[in-house]
Amino acid sequence: MRSNYCGELNKKHINQTVEICGWVNRRRDHGGVIFLDIRDKRGIAQVVINPDNADFVIAETIRNEFVVNITGQVIPRAEGLANPKLASGEIEIVAKNINILNTSKPVPFQIDATDTSEEIRLKYRYLDLRNDVMQKRMRLRSKVTHFMREFMEKHDFLDIETPFLTKATPEGARDYLIPSRTHPGDFFALPQSPQLFKQLLMMSGFERYYQIVKCFRDEDLRADRQPEFTQLDIETSFMHEDEIMAMMEEMVRGLFKDIINVDLGDQFPTITYANALSLYGVDRPDMRIPMQLTSIDELMQSVDFKVFSGPANSDDSRVAALCVPGGATISRKQIDKYTKYVSIYGAKGLAYIKLNEEGPASPILKFLGDEVTSKIIELTGAKTGDIIFFGADKTNIVNEALGNLREQLAKDLNLYESPWAAIWVVDFPMFEANDDGSLSAIHHPFTAPSVDADTLKDTAKTALSRAYDLVINGSEVGDGSIRIHQISMQKTVLKLLGISDEEAQDKFGFLLDALEYGCPPHGGMAFGLDRLVMIMTGCDSIRDVIAFPKTQTAACLLTNAPASVPRKVLRELSVQVSLAKKD
RNA sequence: GGAGCGGUAGCUCAGCUGGUUAGAGUGCCUGCCUGUCACGCAGGACGUCGCGGGUUCAAAUCCCGUCCGCUCCGCCA
193 MRSNYCGELN
203 KKHINQTVEI
213 CGWVNRRRDH
223 GGVIFLDIRD
233 KRGIAQVVIN
243 PDNADFVIAE
253 TIRNEFVVNI
263 TGQVIPRAEG
273 LANPKLASGE
283 IEIVAKNINI
293 LNTSKPVPFQ
303 IDATDTSEEI
313 RLKYRYLDLR
323 NDVMQKRMRL
333 RSKVTHFMRE
343 FMEKHDFLDI
353 ETPFLTKATP
363 EGARDYLIPS
373 RTHPGDFFAL
383 PQSPQLFKQL
393 LMMSGFERYY
403 QIVKCFRDED
413 LRADRQPEFT
423 QLDIETSFMH
433 EDEIMAMMEE
443 MVRGLFKDII
453 NVDLGDQFPT
463 ITYANALSLY
473 GVDRPDMRIP
483 MQLTSIDELM
493 QSVDFKVFSG
503 PANSDDSRVA
513 ALCVPGGATI
523 SRKQIDKYTK
533 YVSIYGAKGL
543 AYIKLNEEGP
553 ASPILKFLGD
563 EVTSKIIELT
573 GAKTGDIIFF
583 GADKTNIVNE
593 ALGNLREQLA
603 KDLNLYESPW
613 AAIWVVDFPM
623 FEANDDGSLS
633 AIHHPFTAPS
643 VDADTLKDTA
653 KTALSRAYDL
663 VINGSEVGDG
673 SIRIHQISMQ
683 KTVLKLLGIS
693 DEEAQDKFGF
703 LLDALEYGCP
713 PHGGMAFGLD
723 RLVMIMTGCD
733 SIRDVIAFPK
743 TQTAACLLTN
753 APASVPRKVL
763 RELSVQVSLA
773 KKD
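Last residue of the first sequence: number 775 in our numbering, and the count goes up by one each step with no gaps.
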């Protein structure tokens, strides 16, 4: 049915008779001569149909997106008629036989349009996916998973599937629930990750496991968050964290080099969680941006300006400065926009000092005085032409406000030092305190602390874990940890988290039991495949690298899922719906 | 749960402070056209202005509610 792909035809094929299959990307009917751009998965080639062709009458009925099969001869294009936009632009095919394999209604949008709204694209996703850009993204994604599988297999990891119909977990995200017909009133949960199963596989002696697997979390969506997403999930036994990180790093470096020819550097730098927050305000620092936050608490403790001196003298607060190179040209109007921007993170204002040619200029100079002002300039390393922004509030508000402002400014003013930057974040705390004083796991409840159980009990609020995150260009693309492999430690951690013995036994007693039958030390990692591919393709949303993604309300515009089901089905599942039916 | 932006022809959009018959480009249909490649030219058809209510002599336009899409906060171990 096909001898060549359209996109691969070139001067080498001149005089050959070829048979192509594909979609009509565009038809240009000149009355006397008809041109068809035929598109297949490799690209586009132009077909010419002359009026003396017996199939000319067929060609006249052809419309965009018809599926055709054409036999013809490849000829060179005459002088000046080549199309440099097409890979096949130096040749064209003179049609001999034209076969309409299928017709098409007029499509709701031209396939190669670039301005179609996402809503329409999602509704007709099967058409959107015909677009060359989407085809390329899906192909790159496939290359990524192929590379991953090859790497893991080469390193003797075993691909083992774990159940989707499993048990709800305490802590963490909301679960997607599946009612059980055979156990009326009981529910399965879709896994938020195969975490416990992969740990059990270590206890089963497989030593190295991986899986490219869907995970499910019923939480609100973002540009980089979908309710079902894909992870490269990995677990190993008998490896220290530095060994695991080195191996994962090798994979990621190879991935970027092989697939998009990007060199991420010989060894990814490492930063502690505490330093990341202090210097960049976030736990996923974008290292493409050289700007750092400067702590100026000491300097501000005695100034006669309560907005600064208050937080400077408070333990849970912080005063920090962010010097923006060349930022003195930022307009008052733009500063107002940034003030509004930081307010979404709870910042009550955004003080600044501009370093103009004539000297520092700022509404707050009179409160700070010359001496303090010059010390700020010294500490931040600010130069003439720069602007210094300030944050003074609770520490997490300052960090989030200035940390996100830093990234926004880098975007607006193009302050990137390099196009790519990977970094490991380590030394996460084990726990964070909730509003009510209780503790939650920062990573998850099975993460090993870096101290023994007795020390952990005494220093729960400050103890560090053996977790590590991989951050590329300010996006967390993977996280992992060494897990707890001793029952006593696991019980200590669960107790600190306020999970009772009964609840622990009920929710994951199987894991606690397994820990007591010769559990090897183990640890692992999980990569967010969608985010990785998003970054590698330069997309702003993971929806752009997922064939059939969901909208912000977790609906599918293509299938109209989720949808109601007949009462009979619900009865079988022992499920009652209490809402009034929507229309 | 909250904030912001958007929803007008198949598609992308314009439509100011309310005022006759709601427009443009593109797509579609018809005719013409032998070298285009976003072909061109001429003509034509196509509207639940997201939905519901209100104000008004009069609403795409103003007000209230609601649904949908996007970005973000909360949330996401």
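Glycine included, each C-beta is placed from N, C-alpha and C at the ideal position.
Could you tell me the boundaries of the alpha helix (DSSP H) in which residue i lies?
i      : result
Phe448 : Glu433 to Ile452
Lys529 : Arg524 to Ser535
Thr464 : Run containing Thr464: none in the alpha helix (DSSP H); it sits in the beta strand (DSSP E), Thr462 to Thr464.
Phe389 : Gln387 to Met395
Tyr660 : It is not in any alpha helix (DSSP H) - Tyr660 instead sits in the beta strand (DSSP E) that spans Ala659 to Ile664.
Val249 : Phe248 to Thr253
Arg231 : Unbroken run through Arg231 is the beta strand (DSSP E), Ile226 to Asp232; no alpha helix (DSSP H).
Glu311 : Glu310 to Lys315
Among the residues of its own chain, which have a CB less than 8 Å from the CB of residue i, if the five just before and after it don't count?
i      : result
Val516 : Met483, Ile522, Asp578, Ile579, Ile580, Phe581, Leu601, Leu605 and Leu607
Phe379 : Ala360, Leu369, Ile370, Pro371 and Ser372
Glu609 : Arg480, Ile481 and Pro482
With a CB to CB cut of under 7 Å and the five nearest residues on each side skipped, what residues in its chain are close to residue i?
i      : result
Asn245 : Ala287
Asp732 : Ala415
Arg218 : Asp229 and Asn256
Cys198 : Ile212, Gly214, Ile230, Arg231, Asp232, Arg234, Gly235, Ile236, Ala237 and Ser280
Met140 : A question about residue 140 goes unanswered here, because the residues of the chain that appear run from 193 up to 775.
Ala746 : Leu413 and Pro419
Glu282 : Asn202, Lys203, Pro268, Arg269 and Ala274
Leu560 : Val495 and Phe497
Using DSSP bridges, identify the partner residues of residue i.
i      : result
Glu200 : In DSSP, Glu200 forms no bridge with anything.
Gln423 : Val405 and Gly720
Cys748 : Ala753
Pro371 : Phe379
Gly715 : Thr428 and Ile674
Trp616 : Thr462 and Leu662
Glu284 : Ile267
Asp244 : Answer is none; Asp244 lacks a bridge partner.
Gly235 : Asp232
Ala625 : Leu631
Ser667 : Ile664
Using C-beta distances below 6 Å, list every residue in its chain close to residue i, excluding the 5 sequence neighbours before and after it, in chain order.
i      : result
Pro477 : Ala468
Ala659 : Phe620, His635, Thr639 and Ser673
Gln208 : Val266
Thr486 : Ala513, Leu571 and Thr572
Glu200 : Arg234
Asn591 : Leu469 and Gly473
According to DSSP, simplified to helix, strand and coil, what is residue i?
i      : result
Ile568 : helix
Pro477 : coil
Arg269 : coil
Gly214 : strand
Leu688 : helix
Val643 : coil
Tyr544 : strand
Gly502 : helix
Gly701 : helix
Asn207 : coil
Ser680 : helix
Thr358 : strand
Arg194 : coil
Val590 : helix
So is the beta-carbon of residue i under 8 Å away from any non-hydrogen atom of the ligand COA?
i      : result
Gly666 : Although the ligand COA was asked about, the structure shown includes no ligands whatsoever.
Do residue i and residue j have their CB atoms nearer than 9 Å?
i      : j      : result
Leu142 : Ala513 : Nothing about residue 142 can be reported from this structure: the residues present for the chain run from 193 to 775 only.
Trp616 : Val454 : no
Leu721 : Ile481 : no
Leu724 : Val769 : no
Leu656 : Pro637 : no
Lys649 : Leu688 : yes
Asn548 : Gly473 : no
Gly716 : Arg675 : yes
Phe421 : Asp367 : no
Glu599 : Gly666 : yes
Asp320 : Thr308 : yes
Pro712 : Ser429 : yes
Leu765 : Glu311 : no
Could you spell out the range, first to last residue, of the beta strand (DSSP E) harbouring residue i?
i      : result
Arg510 : Ser509 to Val516
Ser552 : The residue asked about is misnamed: residue 552 is Pro in this sequence, not Ser. Note, Pro552: beta strand (DSSP E), Gly551 to Ala553.
Phe581 : Ile579 to Lys586
Ser334 : Ser334 -> not in any beta strand (DSSP E); alpha helix (DSSP H) instead, spanning Asp324 to Lys346.
Leu485 : Leu485 to Ser487
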